[in-house]
Amino acid sequence: MSGAPIPDVGQSWLKSNSSLAGFEVNSSEQLTTPTPTDINSFYFYKTEQFTVLWVLFTMIVLGNSAVLVALLVSKSRKSRMNFFICQLAIADLAVGLISVSTDIAWRITVAWYAGNVLCKIIRFLQAVVTYSSTYVLVALSIDRYDAITHPMNFSGSWKRARVLVMLAWLLSILFSLPTVFLFEEKQVQSMPQCWIDLQTWQWKVYITLVALVLFVFPALIISACYAVIVRTIWSKSKLLIPVGHIPIRQCDSRGIIPRAKIKTVKMTLVIVFVFVLCWSPYIVFDLLQVYGHIPKTQTNIAIATLIQSLAPLNSAANPVIYCLFSTHLCRNLRKLPPFTWISNCLSLCFPGVQGSGHCLGYGSGDSSGTVTTSLTHSTRRSGSAASLRHTIRLQPALNNTHKVAISVV
2 MSGAPIPDVG QSWLKSNSSL AGFEVNSSEQ LTTPTPTDIN SFYFYKTEQF TVLWVLFTMI
62 VLGNSAVLVA LLVSKSRKSR MNFFICQLAI ADLAVGLISV STDIAWRITV AWYAGNVLCK
122 IIRFLQAVVT YSSTYVLVAL SIDRYDAITH PMNFSGSWKR ARVLVMLAWL LSILFSLPTV
182 FLFEEKQVQS MPQCWIDLQT WQWKVYITLV ALVLFVFPAL IISACYAVIV RTIWSKSKLL
242 IPVGHIPIRQ CDSRGIIPRA KIKTVKMTLV IVFVFVLCWS PYIVFDLLQV YGHIPKTQTN
302 IAIATLIQSL APLNSAANPV IYCLFSTHLC RNLRKLPPFT WISNCLSLCF PGVQGSGHCL
362 GYGSGDSSGT VTTSLTHSTR RSGSAASLRH TIRLQPALNN THKVAISVV
């Protein structure tokens, strides 16, 4: 592909209409006289773009719909983690239904035929679902921080979880309000477009604020939460005191970090990593472009198109992460008719994949072979009570031997 400079119109025209969340706009200086021929001349790899968008749309809608159905039909105890996964799946599903589908529609029509009111509504909804996908993840990270650092206050605190999710959606709506006033239907070369008209300096301020609110600030909050989480886990791991060959560790609700809780932290960390991986190229490229550090060439337009597709990839990847880390969710999915058929096909093609108590090769975490005995001893010294609890856990190992862990509180 040629790297020769091309007119401003191609890139700005494409970006003004095919953005993920309605954030990509034109400055008025670039609002020249594009024609359908101009647009098509810069519409690189049209078939490939449609293929990528349809694959993303299918993955997002089917994946997150399956997660929601699996959570709804689950008869297991409703956990806070499942509550946050449900909210994140709703936000990701909305990204597919509202943002990606609108992008596909524009690439078919290359114009806006829905009127000025729907122009404002659609752009507003695009922004809301994109912000919500980010801020529900922030709420989930804060919840995991609370679970690890304040286990006593955390236990049973559903009200705090609901408040965090409510704040995430309210902030998403608040940050999306400017799109209602900025976007409007305009005639450009006799073609209606859902357009935003800003001066160059206004465009720089706008896209910088969007980058900060959509990515930078959430990433900093999430990073701070996980820095404290890792530090807390590291410090509590030092409480292990070897007694012969038996590890003794503090393990009640005031100091224990259960294995299940650590697993949810790992899952959230992977979700955050994928979020940063998908969004950082998009944000960095836009900032470099708006401040004039990226030349306008055919190659860069093709790169911009590829980078724009990475952001919704985040919403498509999350359901896969849920299934990799949550065997309960995976088993619930296997009970659904479409996934039952897929599971049966896999078991026929790969007999070793699905064994007893496993879900697509992942352990079920079944504790049927675990024997737990607790002995509590209380003493009182100088008017204060101290509780000592010994928990002996007997777990079968792979070589038919047994592992014994004694926990002291």
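For the sequence shown, the numbering used here assigns the number 2 to the initial residue and increments by one for each residue that follows.
Virtual Cβ for every residue (Gly too), placed ideally from N, Cα, C.
From a predicted model like this one, the values you see are computed outputs, not experimental measurements.
Please check the pair residue i and residue j, which I expect to be a contact at CB under 8 Å, by giving their CB distance rounded to whole angstroms.
| i | j | result |
| --- | --- | --- |
| V206 | F176 | Between F176 and V206 the Cβ distance is about 15 Å, and since that is not below 8 Å, they are no contact. |
| T209 | T150 | About 33 Å separates the two Cβ atoms, so there is no contact after all. |
| A312 | W280 | 6 Å |
| K267 | F326 | 7 Å |
Quick one: is residue i buried, meaning 16 or more other Cβ sit within 10 Å of its Cβ, or exposed?
| i | result |
| --- | --- |
| A71 | buried |
| R124 | buried |
| Y434 | The first residue shown for the chain is 2 and the last is 410, placing residue 434 beyond what the model contains. |
| Q190 | exposed |
| T180 | buried |
| R163 | exposed |
| L57 | buried |
| S254 | Below a pLDDT of 50, predicted positions are generally treated as unreliable, and S254, at 39, falls in that range; the measurement from the model is reported next regardless. By the 10 Å Cβ count, S254 comes out exposed. |
| P296 | exposed |
| V229 | exposed |
| M60 | buried |
| Q197 | The sequence shown places Ile at residue 197, not Gln. Label assigned to I197: buried. |
| T1 | A question about residue 1 goes unanswered here, because the residues of the chain that appear run from 2 up to 410. |
| L278 | exposed |
| V231 | exposed |
| Q88 | buried |
| V130 | buried |
| W204 | buried |
| I1 | The displayed coordinates of the chain run from 2 to 410. Any statement about residue 1 would go beyond what the structure contains. |
| Q127 | buried |
Please tell me whether residue i and residue j are closer than 7 Å, where the distance is taken between their beta carbons.
| i | j | result |
| --- | --- | --- |
| S236 | S173 | no |
| I272 | I308 | no |
| Y136 | C226 | no |
| I284 | F218 | no |
| V68 | P320 | yes |
Taking the straight line between their C-alpha atoms, what separation do you get for residue i and residue j?
| i | j | result |
| --- | --- | --- |
| Q194 | F51 | 20 Å |
| P74 | N83 | Here the sequence assigns Val to residue 74, which means Pro is not the residue at that position. One C-alpha to the other measures close to 12 Å. |
| I222 | M192 | 43 Å |
| F184 | I143 | 33 Å |
| S66 | A90 | 8 Å |
| S310 | T269 | 23 Å |
| V211 | S80 | 33 Å |
| A140 | L63 | 24 Å |
| S224 | V275 | 13 Å |
| I109 | A220 | 34 Å |
| T48 | N301 | 18 Å |
| T201 | V111 | 24 Å |
| C324 | I122 | 34 Å |
| M167 | K160 | 10 Å |
| Y114 | E186 | 9 Å |
| N315 | I263 | 23 Å |
| L171 | L165 | 10 Å |
| T298 | L178 | 33 Å |
| P152 | L138 | 20 Å |
| A317 | W55 | 12 Å |
| S388 | A92 | Reliability of the predicted coordinates at S388 is poor, the pLDDT of 39 falling under 50, and no value is obtained from them. |
| A303 | H294 | 16 Å |
| A1 | Q188 | As displayed, the chain neither begins before 2 nor continues past 410, which places residue 1 out of reach and without an answer. |
Does chain B have any CB closer than 7 Å to the CB of residue i?
| i | result |
| --- | --- |
| L325 | Given the protein chain composition of this structure (a single chain), no chain B is represented. |
**Report entry** At least 3 beta-carbon pairs within less than 8 Å: the region 108–119 vs the region 87–96
**Finding:** no
Query raised in the report: Should the region 102–117 be regarded as contacting the region 279–299, the criterion being three or more beta carbon pairs within less than 8 Å?
Result: no
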